[in-house]
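J.:
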Ligand code: MRU
């Protein structure tokens, strides 16, 4: 089995998702600007995986710092956090991870000791925390799988959009984790994967990882989803999320909104699987979620080959927002939330049991 991301001791190793499925190449980054660039260029992508990369990038930057005093280390930390925070704006997991690392950093500096002791402690604790973010993410996905599997009926076909699998997380996946868990329970599930223009996460990544697992997957282009829904060939839709507002509005890969509207029209349940680290209670509604606008060249070209007229105007919002009224439920590691999300999502944060993803 492949590893999406791991800590090597002196760097961060990732499978290069821009080259899949043709080439399975691992890259090791040994500086935080390299990790930031890997996030920006989508060598690693998917909200939870971006969170893990951000945490490890911060750990790496602090580990490599030559600061001799706490003041110098603080200044280095701010530069590192700022660089990582300016890579991709939509997935809140990135900011969640930087904040989590900042809290550990502050705790390490607050404990008594000389500057040298504090610096050493900060480096050690951040290195440990980066790895903890990864292992917790996998456990969270498995918990989501346990909760969500019950929602999928036996012998059903499930449509997914983009890639919310092992590649988009520390491992196992959110939406694909739910599918994997249902399959592990013995349910006969087959998947329709939207190819997900323009970056083709569905064709390149979802199809690749499901096929590797032996889960039956059929690739369709994005504009085929309505056709198959109308023909009763799809029984449920399950997707991941990049950021969920307090009212349950969901930002996810561009095209998700269209799928949700089609699902409603065809009376098909539409589920979102996401960890609490993807829920941003600070935003009242999805209107406030920043939407990344990527290069139009990703629309007019495919791997350097021009597929549109020269100099044509093109747009590339990388995400859209699905209003919560289209959702059947949100699956989290703490259970399944239904409308009114303002109450049900907040209740998951307020619970007192050990929480992996606190904000
Ligand atoms: O642009 P990407 O590939 O980072 O977008 C990824 C998605 O939209 C995923 O659906 C989302 O991050 C959930 S991943 C578990």
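Residue numbers (the working numbering): 529 to 887.
Heads up, the beta-carbon is just placed ideally off N, CA and C, and yes, glycines get one too.
1. Compute the distance between the beta-carbons of residue 772 and residue 858, then report whether it is under 8 Å.
2. Using the C-alpha atoms, what's the distance from residue 617 back to residue 752?
3. I need the DSSP call for residue 684, collapsed to helix, strand or coil.
4. Which runs of the alpha helix (DSSP H), 4 residues or longer, sit entirely within the stretch 807 to 859?
5. So the beta strand (DSSP E) residue 542 belongs to, where does it begin and stop?
6. Helix or strand or just coil, what does DSSP make of residue 593?
7. Beta carbon of residue 693, beta carbon of residue 733: below 8 Å?
8. For residue 873, name the three-state secondary structure that DSSP assigns.
9. Is residue 623 a contact residue of ligand 1, with contact defined as CB to any heavy atom under 7 Å?
10. For residue 530, count neighbouring C-beta atoms within 10 Å of its own C-beta (all shown protein chains included) and say buried if the count is 16 or more, exposed if not.
11. What are the start and end residues of the beta strand (DSSP E) that includes residue 718?
12. Would DSSP call residue 798 helix, strand or coil?
13. Please report how far the alpha carbon of residue 678 lies from the alpha carbon of residue 866, in whole angstroms.
14. I'd like to know whether the C-beta atoms of residue 893 and residue 578 end up nearer to each other than 8 Å.
15. Any idea if residue 712 is buried or exposed, counting beta-carbon neighbours within 10 angstroms, 16 or more meaning buried?
T.: Taking the geometry as given:
1. On the chain shown, residue 772 is found 244 positions in, with the first residue counted as 1. On the chain shown, residue 858 is found 330 positions in, with the first residue counted as 1. Closer than 8 Å, so yes.
2. For the purposes of this step, residue 752 is identified with residue 224 of the chain shown, where counting begins at 1. For the purposes of this step, residue 617 is identified with residue 89 of the chain shown, where counting begins at 1. Cα to Cα, residue 752 sits roughly 30 Å from residue 617.
3. Here residue 684 refers to the residue found at position 156 when the chain shown is read from its first residue. Correct three-state label for residue 684: strand.
4. With a minimum length of 4 residues, the unbroken runs of alpha helix (DSSP H) contained wholly in the stretch 807 to 859 fall at 825 to 828.
5. Numbered from 1 along the chain shown, position 14 holds the residue referred to as residue 542. For residue 542, the enclosing beta strand (DSSP E) has its first and last residue at 540 to 543.
6. Working through the chain shown from its first residue, we reach residue 593 at position 65. Three-state result, residue 593: coil.
7. Taking the first residue of the chain shown as 1, we reach residue 693 at position 165. Taking the first residue of the chain shown as 1, we reach residue 733 at position 205. Taking a C-beta distance under 8 Å as the contact criterion, residue 693 and residue 733 qualify as a contact pair.
8. To locate residue 873, count along the chain shown from 1; it is residue 345. In the structure shown, residue 873 sits in a helix (DSSP, three-state: H, G or I).
9. In the chain shown, residue 623 corresponds to position 95, counting from 1. Look at residue 623: its beta carbon is at least 7 Å from all of the heavy atoms in ligand 1.
10. Position 2 of the chain shown holds residue 530. A residue is called buried when at least 16 other Cβ atoms come within 10 angstroms of its Cβ; residue 530 does not meet this threshold and is exposed.
11. Position 190 of the chain shown, counted from the start, is the residue given in the question as residue 718. Element bounds for residue 718: 717 to 722.
12. Looking up residue 798 in the chain shown gives position 270. Residue 798 falls in the strand class under three-state DSSP.
13. Numbered from 1 along the chain shown, position 150 holds the residue referred to as residue 678. Numbered from 1 along the chain shown, position 338 holds the residue referred to as residue 866. Those two C-alpha atoms are separated by around 15 Å.
14. No statement about residue 893 is possible, as the shown extent of the chain runs from 529 to 887 and does not include it.
15. Translated into the one-based positions of the chain shown, residue 712 becomes position 184. When all chains shown are included, residue 712 counts as exposed.
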